[in-house]
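**Student:** The structure under discussion is supplied below as structure tokens; questions concerning it will follow.
There are 6 protein chains.
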Amino acid sequence: MTTEKPISRYPVPQLADLPQDIRERILAVQEKSGFIPNVFLVLAHRPDEFRAFFAYYDAIMLKDSGLSKAEREMIVVATSAANDCHYCVVAHGAILRIYAKDALIADQIAVNYRQADITPRQRVMLDFAVKMAQRPQEIDEEDFVRLQAQGFSDEDIWDIGSIAAFFALSNRMAHLTAMRPNAAFYAMGRGA
Amino acid sequence: MTTEKPISRYPVPQLADLPQDIRERILAVQEKSGFIPNVFLVLAHRPDEFRAFFAYYDAIMLKDSGLSKAEREMIVVATSAANDCHYCVVAHGAILRIYAKDALIADQIAVNYRQADITPRQRVMLDFAVKMAQRPQEIDEEDFVRLQAQGFSDEDIWDIGSIAAFFALSNRMAHLTAMRPNAAFYAMGRGA
Amino acid sequence: MTTEKPISRYPVPQLADLPQDIRERILAVQEKSGFIPNVFLVLAHRPDEFRAFFAYYDAIMLKDSGLSKAEREMIVVATSAANDCHYCVVAHGAILRIYAKDALIADQIAVNYRQADITPRQRVMLDFAVKMAQRPQEIDEEDFVRLQAQGFSDEDIWDIGSIAAFFALSNRMAHLTAMRPNAAFYAMGRGA
Amino acid sequence: MTTEKPISRYPVPQLADLPQDIRERILAVQEKSGFIPNVFLVLAHRPDEFRAFFAYYDAIMLKDSGLSKAEREMIVVATSAANDCHYCVVAHGAILRIYAKDALIADQIAVNYRQADITPRQRVMLDFAVKMAQRPQEIDEEDFVRLQAQGFSDEDIWDIGSIAAFFALSNRMAHLTAMRPNAAFYAMGRGA
Amino acid sequence: MTTEKPISRYPVPQLADLPQDIRERILAVQEKSGFIPNVFLVLAHRPDEFRAFFAYYDAIMLKDSGLSKAEREMIVVATSAANDCHYCVVAHGAILRIYAKDALIADQIAVNYRQADITPRQRVMLDFAVKMAQRPQEIDEEDFVRLQAQGFSDEDIWDIGSIAAFFALSNRMAHLTAMRPNAAFYAMGRGA
Amino acid sequence: MTTEKPISRYPVPQLADLPQDIRERILAVQEKSGFIPNVFLVLAHRPDEFRAFFAYYDAIMLKDSGLSKAEREMIVVATSAANDCHYCVVAHGAILRIYAKDALIADQIAVNYRQADITPRQRVMLDFAVKMAQRPQEIDEEDFVRLQAQGFSDEDIWDIGSIAAFFALSNRMAHLTAMRPNAAFYAMGRGA
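Chains as they are written, first to last, in my numbering: chain C, 1 to 192; chain V, 193 to 384; chain W, 385 to 576; chain E, 577 to 768; chain S, 769 to 960; chain Y, 961 to 1152.
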């Protein structure tokens, strides 16, 4: 009995049927990564939402920031784990391993970031990110003070908060569509 | 002692200092509404995120849908209330009163949508939206069956889920910035 | 399709059928307010409970206190919101707007008292009241110390606690009976 | 080192200093029970609240009802245990043992009513009472249907709900005052 | 109608059918206590698990420790109450009363250890034990600092943690089997 | 700055200093696995507890069962993930990949077993195991009926429950000691 699930609860468009800008973005990713991450195909079911989603992603994940690229992926993995998001933990766990050049860090953060091999500054960053994910209504000045004491500027704090907020959306779209990560992600960045 | 809080924890840009496309969007809103809702000024602190945010908003809130405009605002109010989001409950409560031509519905849904004057179909819609807000990891086929039994198509369900997901982001940005609603929203649509 | 719900799950007595003391109390309220708040009619289904309920209410809400009348209503609104109580948030929200002469304060407290335009002293008062509503078993000396540091006497603290305790009862009776607020409350005190 | 705590965080009045009606009520209880349950002394600190409290108690606990006296005490013990209320579990546990003529039932219900030696009808009654204590905002028609299927009338359901609501108040006053049960209650009704 | 439940959901072996080492252990307990606590009969359904279970129990409950025997039973009662475990609260409540020579302490800890007549040191011990029971993933160095400040050595902390961990298992086996305590436990140690 | 944490908060014994039976067990594991899993070294700090722990482990994990070895490891991974247990998720995730000959299954179950590639029967098994981990006090006959409907015998259900109960203990010992998994586990069984 096979139990492998499809990559989406919704119809998945063919590349050929997509608007040109979306097809081009997807082909560019494929060329760079060697495969098409399923999130592109699943969300392409709604072209306008696709465009806004990836514009948002670019705006927070590609910008200059006081956070390193690895730190931004730590936020994605920690908050996606808090939301039990299969796609995001697996896909961004792979990216985190690569950016951090560390084969262990993604699983550590996904299971329990409090026990991961991170700096005290990163611990405070993830405490805030997970609070943004789970109890955002309790954010107050004390959180800002705690982050500032670790050297984060107010713009850095916006970056942390904005990534956590965007993946609150992203995790929910993954749950809505039962989005399935590509098998390729599981093993990336684990090795020699 | 005055205790009135500012509209954002972050610097709020002057209209004159904003990129032209953003300034024009804001002026168009002002012309239509008679005032500038604070969310536009608060998020303009980050122009790229501003553009993606409102592109996403337009993609889900302005599109043709099996959901009426009032129903979409019900989803916003119910999920924003689940997240205790001051800005979104007050601002979208006002919009809901206007779309629904009902002075009571927004407060009813904000306090406890289970006791609001809504149809059984709308009750199932809001049960799903609030689950998307609070326990998205438990979404499964039974939720789809329950919605389909009320006549919602799979595309309608995407709409419900997508609005709930977007406001998961939006509520968190409001909490991050301590975004304050304009006083004008409180009284809109309440009266004679 | 009308979806407006009745004011109670239980039979609602006619004024003429009520014991004289209860009828007189209700008529006095009607004369003062211009209408009969539904809580009087709904609870009159059980005269003995009605008498005890309003005797308790008078004992804590009308007494001299270190808390202003507006502050007492803040406690009612904050704890009733914590319990998602449709009747109490709407009815006491109206009373709070009137006592505080503030059109915005009730909605602010109902959605998220942490973001409301209140003083630091009122913030500590509401933190305690909401703890009484949600986690009373964790009340300890530190809570008293925190309140005393804001100038609250032990008798003031009893007042806060007693109001929160009484509305724990009141909210539950409203949920039991599916008590519906009068439409008149929604717009009261919202301004010119 | 003695660690025994006082019976209240607040001053406890002398009998001689109390208003006559309150003193008489307390003396009557003492004559009947052989001792004065601490709740009378602790709440007598506020005479008006005392009168309303016991008037409410009498109205729901002494009335004719489709619930037996033992069943009413089961509701008190189960909901007070859900609220971790030291005074109410110990004092009403004693009363339950006596009414039920069962030395074991109170501890069973206090620890986990789902495993207690009760009838299926009593199980449904306690499920509802504990829901009233913990999640009253989710009470809906299905709860009524479930109770009616066990033979409870709507008036019986009011009784269950009203007892649970009153002890929501009572438990909170006990937590506010750190009310301590008389040592006599622990052993009552346990024996040969 | 009798509603008394059996001592286990599973078959309960006859003493004569048990392996000799298990039978001898049980007979030794019976000789010492005057009756066979049901946990021995219920778990004997699986001899290998029985042997490991009681070897573990002996290793943590009979060893020399910086914790008194009464303190160890306090941990058992507090964590078992947190898990609503009928068998363990009743049986170990009895043992605690006997070790502590205190008729009231077990019920106090079972209902709300925060209000029990215990020392500040014991309060910190139980705070940690209950955290081990409910939120062990949040254990961190601050917990160790708090315990050390009360004079607990690191080995004492292992003892507290290990007892809480073992009863996390034990409570769950009791829930799995619907294990029923012997009637004899309820009255033991309650005084003259 | 190195941030790698030690394998235990407690002293880790040298093999040479351990009692002979424990040293031999550890050497046997080392010979079979090629390395010593840290749990053996960390728990050897307490030889009597070590012996009982592994006797229990053997009694439930090595016995004949209606559950396959892979299914038993699924239970370990799902419940350890529910407890955010770094050691157990990583170490038993590795074992699960090997037993199941599936490089993806462990991460799927660790993040969200509801979305994993498992059979409906395994889904019901894990629902029960996670309930044992998180809400064991709510286990009732309906859970047994649901499991029996999938073909599980009562002895199989004991096996599921007993594994979940043992890892409730094991996860807590890992949290108490801040137990760190060997780096070797992360990559095991991930494929060619």
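Virtual Cβ for every residue (Gly too), placed ideally from N, Cα, C.
Owing to the predicted nature of the structure, the values given are computational and were not obtained by experimental measurement.
Would you mind giving the Cβ-Cβ distance between Arg190/C and Tyr1146/Y, rounded to the nearest angstrom? I have them listed as a contact below 8 Å.
**Tutor:** In the first sequence, residue 190/C corresponds to position 190, counting from 1. In the sixth sequence, residue 1146/Y corresponds to position 186, counting from 1. Confirmed, about 7 Å.
**Student:** Nearest CA to the CA of Arg313/V: which residue from Glu216/V, Met365/V, Ser260/V, Val303/V?
**Tutor:** Numbered from its first residue, the second sequence carries residue 313/V at position 121. Of the candidates Glu216/V, Met365/V, Ser260/V, Val303/V, the one whose C-alpha sits nearest the C-alpha of Arg313/V is Ser260/V.
**Student:** Can you tell me whether DSSP reads Tyr1047/Y as helix, strand or coil?
**Tutor:** For the purposes of this step, residue 1047/Y is identified with residue 87 of the sixth sequence, where counting begins at 1. If DSSP states are grouped into helix, strand and coil, Tyr1047/Y belongs with the helices.
**Student:** Give the residues from the region 904 to 934 of chain S that approach chain Y closer than 7 Å (Cβ to any Cβ), ordered along the chain.
**Tutor:** From the region 904 to 934 of chain S, only Pro904, Gln905, Ile907, Asp922, Trp926, Gly929, Ser930, Ala932, Ala933, Phe934 have a Cβ closer than 7 Å to chain Y.
**Student:** Ile199/V by DSSP, collapsed to three states: which one?
**Tutor:** By 1-based counting over the second sequence, the position of residue 199/V is 7. DSSP places Ile199/V in coil when its eight states are reduced to three.
**Student:** Is Met385/W helix, strand or coil by DSSP?
**Tutor:** On the third sequence, residue 385/W is found 1 positions in, with the first residue counted as 1. Note that Met385/W scores a pLDDT of 46, beneath 50, so its modelled location is shaky; the value from the coordinates is reported in the next line. Note: Met385/W maps to coil in three-state DSSP.
**Student:** Quick check on Ala955/S - is its C-beta less than 7 Å from some C-beta in chain E?
**Tutor:** As a first step, residue 955/S must be located in the fifth sequence, where it is residue number 187. Interface residue, yes.
**Student:** If contacts are defined as beta-carbon pairs under 8 Å, then Ala812/S and Ile790/S qualify, I think. What distance do you get, rounded to the angstrom?
**Tutor:** For the purposes of this step, residue 812/S is identified with residue 44 of the fifth sequence, where counting begins at 1. For the purposes of this step, residue 790/S is identified with residue 22 of the fifth sequence, where counting begins at 1. At roughly 6 Å, the Cβ-Cβ gap stays under 8 Å, so Ala812/S and Ile790/S are in contact.
**Student:** Listed from N- to C-terminal order along the chain, which residues in the region 1127 to 1138 of chain Y have their beta-carbon within a distance smaller than 7 Å of any beta-carbon of chain S?
**Tutor:** Those residues of the region 1127 to 1138 of chain Y that come within reach of chain S (Cβ to Cβ, closer than 7 Å) are Ala1128, Leu1129, Asn1131, Arg1132, Met1133, His1135, Leu1136.
**Student:** Return no unless some Cβ of chain C is closer than 7 Å to the Cβ of His1005/Y.
**Tutor:** Indexing the sixth sequence from 1 puts residue 1005/Y at position 45. No, His1005/Y lies away from the interface with chain C (no Cβ there is under 7 Å from its Cβ).
**Student:** For the region 678 to 698 of chain E against the region 851 to 866 of chain S, do three or more pairs of beta-carbon atoms, one drawn from each stretch, fall closer than 8 Å, so that the two count as touching?
**Tutor:** With the cut-off at 8 Å, the region 678 to 698 of chain E and the region 851 to 866 of chain S touch.
**Student:** Just the chain C side, please: which residues come within less than 7 Å of Val1049/Y by C-beta, in chain order?
**Tutor:** Translated into positions along the sixth sequence, residue 1049/Y becomes position 89. Chain C residues near Val1049/Y: Val111.
**Student:** Measuring only between beta-carbons, confirm whether Gln518/W sits less than 7 Å from chain V.
**Tutor:** Here residue 518/W is taken as the residue at index 134 of the third sequence, counted from 1. Not an interface residue.
**Student:** Does the region 125 to 134 of chain C touch the region 17 to 35 of chain C, meaning 3 or more C-beta pairs lie closer than 8 Å?
**Tutor:** Short answer: they don't touch.
**Student:** Helix, strand or coil for Glu180/C, going by three-state DSSP, please let me know.
**Tutor:** Translated into positions along the first sequence, residue 180/C becomes position 180. Going by the sequence as given, residue 180/C is Arg instead of Glu. Of the three classes helix, strand and coil, the one that applies to Arg180/C here is coil, per DSSP.
**Student:** Figure out for me which residue from Leu1064/Y, Ala1063/Y, Ala1041/Y, Val1090/Y has the closest Cα to the Cα of Gln108/C.
**Tutor:** Your numbering for residue 108/C matches position 108 in the first sequence. Here the closest residue by C-alpha is Ala1041/Y.
**Student:** If we call anything under 7 Å between Cβ atoms a contact, is Arg264/V one with Ile355/V?
**Tutor:** Here residue 264/V corresponds to residue number 72 of the second sequence, with the count starting at 1. Here residue 355/V corresponds to residue number 163 of the second sequence, with the count starting at 1. Against a cut-off of 7 Å, the Cβ pair of Ile355/V and Arg264/V comes out as a contact.
**Student:** Taking contact to mean at least 3 C-beta pairs separated by less than 8 Å, is the region 799 to 815 of chain S in contact with the region 934 to 947 of chain S?
**Tutor:** With the cut-off at 8 Å, the region 799 to 815 of chain S and the region 934 to 947 of chain S touch.
**Student:** Where Lys639/E and Ala796/S are concerned, what is the direct C-alpha to C-alpha distance, given to the nearest angstrom?
**Tutor:** If you number the fourth sequence from 1, residue 639/E lands on position 63. If you number the fifth sequence from 1, residue 796/S lands on position 28. Cα to Cα, Lys639/E sits roughly 53 Å from Ala796/S.
**Student:** Over the uninterrupted alpha helix (DSSP H) stretch that includes Asp977/Y, give me the two end residues.
**Tutor:** Residue 977/Y sits at position 17 when you count from the first residue of the sixth sequence. Neither: Asp977/Y is in no alpha helix (DSSP H) and is coded neither H nor E.
**Student:** For the ligand FMN, is there a heavy atom less than 6 Å away from the beta-carbon of Phe569/W?
**Tutor:** Ligands are entirely absent from the displayed structure, and the ligand FMN is therefore not among its contents.
**Student:** Checking contacts by CB at 7 Å: is Leu680/E closer than that to chain S?
**Tutor:** By 1-based counting over the fourth sequence, the position of residue 680/E is 104. Yes, its Cβ sits closer than 7 Å to a Cβ of chain S.
**Student:** In three-state DSSP terms, what is Pro431/W?
**Tutor:** Locating residue 431/W in the third sequence gives position 47, where the first residue counts as 1. In this structure, Pro431/W counts as helix in the three-state DSSP scheme.
**Student:** Closest Cβ-Cβ distance between Asp501/W and chain V: below 7 Å?
**Tutor:** Residue numbering aside, residue 501/W sits at position 117 when the third sequence is read from its first letter. It does; some Cβ of chain V falls within 7 Å.
**Student:** Ignore the nearest five residues each way along the sequence and tell me which others in Ala1093/Y's own chain have a CB closer than 7 Å to its CB.
**Tutor:** Counting from 1 along the sixth sequence, the entry for residue 1093/Y is found at position 133. Result list for Ala1093/Y: Thr1039, Ala1042, Asn1043, Ala1124, Ala1128, in chain order.
**Student:** Rounded to whole angstroms, how far is the Cβ of Arg1095/Y from the Cβ of Pro966/Y, which I believe are closer than 8 Å?
**Tutor:** What you label residue 1095/Y is simply residue 135 of the sixth sequence in a count that begins at 1. What you label residue 966/Y is simply residue 6 of the sixth sequence in a count that begins at 1. In fact, because the Cβ distance is near 34 Å, the residues do not count as touching under 8 Å.
**Student:** Out of Ile636/E, Gly737/E, Gly642/E, Arg622/E, which one is the CA nearest neighbour of Asp432/W?
**Tutor:** Position 48 of the third sequence holds residue 432/W. Checking every option, the nearest Cα to that of Asp432/W belongs to Ile636/E.
**Student:** Taking Glu522/W as the reference, give the member of Ala884/S, Asp908/S, Phe822/S, Ile873/S with the closest Cα.
**Tutor:** As a working mapping, residue 522/W is identified with position 138 in the third sequence. With distances taken between Cα atoms, Glu522/W lies closest to Ala884/S.
**Student:** So for Ser1028/Y, helix, strand or coil by DSSP?
**Tutor:** For the purposes of this step, residue 1028/Y is taken as residue 68 along the sixth sequence, with counting starting at 1. Reduced to three states, the DSSP call for Ser1028/Y is coil.
**Student:** Please work out which residues of its chain come closer than 7 Å, Cβ to Cβ, to Gly929/S, disregarding the five sequence neighbours upstream and downstream, and give them in chain order.
**Tutor:** Taking the fifth sequence and counting its residues from 1, the one referred to as residue 929/S is at position 161. Cβ within range, chain order: Met900.
**Student:** If you follow the alpha helix (DSSP H) that Leu126/C is part of, which residue opens it and which one closes it?
**Tutor:** Within the first sequence, numbered from 1, the residue matching residue 126/C stands at position 126. Where Leu126/C is concerned, the enclosing alpha helix (DSSP H) stretches over 120 to 134.
**Student:** Buried or exposed, going by whether 16 or more other CB atoms sit within 10 Å of the CB of Ala341/V?
**Tutor:** As a first step, residue 341/V must be located in the second sequence, where it is residue number 149. Ala341/V comes out exposed.
**Student:** Look at Gln184/C and Phe35/C and say whether their C-beta atoms are less than 7 Å apart.
**Tutor:** Mapped onto the first sequence, residue 184/C falls at position 184. Mapped onto the first sequence, residue 35/C falls at position 35. The amino acid at residue 184/C is misidentified as Gln; the sequence shows Ala. For Ala184/C and Phe35/C, yes; Cβs fall inside 7 Å.
**Student:** So, Val461/W versus Ala487/W, is the Cβ gap smaller than 7 Å?
**Tutor:** Here the question's residue 461/W lines up with position 77 in the third sequence. Here the question's residue 487/W lines up with position 103 in the third sequence. Taking 7 Å as the Cβ cut-off, Val461/W and Ala487/W do not qualify as a contacting pair.
**Student:** What residue range is occupied by the uninterrupted alpha helix (DSSP H) comprising Asp1067/Y?
**Tutor:** Along the sixth sequence, one-based indexing puts residue 1067/Y at 107. Note, Asp1067/Y: alpha helix (DSSP H), 1065 to 1072.
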